[in-house]
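The sequence shown begins at 71 in the working numbering and counts up one residue at a time.
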Amino acid sequence: MNKYQLEDRIEKLLRVYRYTRDNNIGLSVGQRICLTMERAACMRAVSKIKELGHETAVPTYRIPAELNEKVEFIDNQAQRYDRDHKERIAQASR
């Protein structure tokens, strides 16, 4: 993965983590730990790219495929929630 793909992945994992934490839905404690482990692995890969000048790096940990499917589903919900929330704020400020 290149630096931008890794940063996008980190953001997605953070968004899902935040959404499930704030809404108390979707992920067990163990699943959240897995997200944190992958996020840390992606952050180390970004550091490797920056420090060593590599163009790409592979994270040393990836969440299981089944959990990744769940992350993708929840991420879609989280993005929709964020858009709706921003629209409500914009309408309220008018």
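Built from N, CA and C at the ideal position, the CB exists for glycine as well.
Bear in mind that the values here come from a model prediction, so they are computed numbers and not experimental data.
Item, Value
"Coil, strand or helix - residue 90 by DSSP", "helix"
"Beta-carbon gap between residue 105 and residue 87 smaller than 8 angstroms", "yes"
"Contacts around residue 89, its chain only, beta-carbon distance under 6 angstroms, and the 5 residues preceding and following it disregarded", "148"
"For residue 106, the three-state DSSP class (helix, strand or coil)", "helix"
"Whole-angstrom C-beta distance between residue 108 and residue 133, which should lie under 8 angstroms", "5 angstroms"
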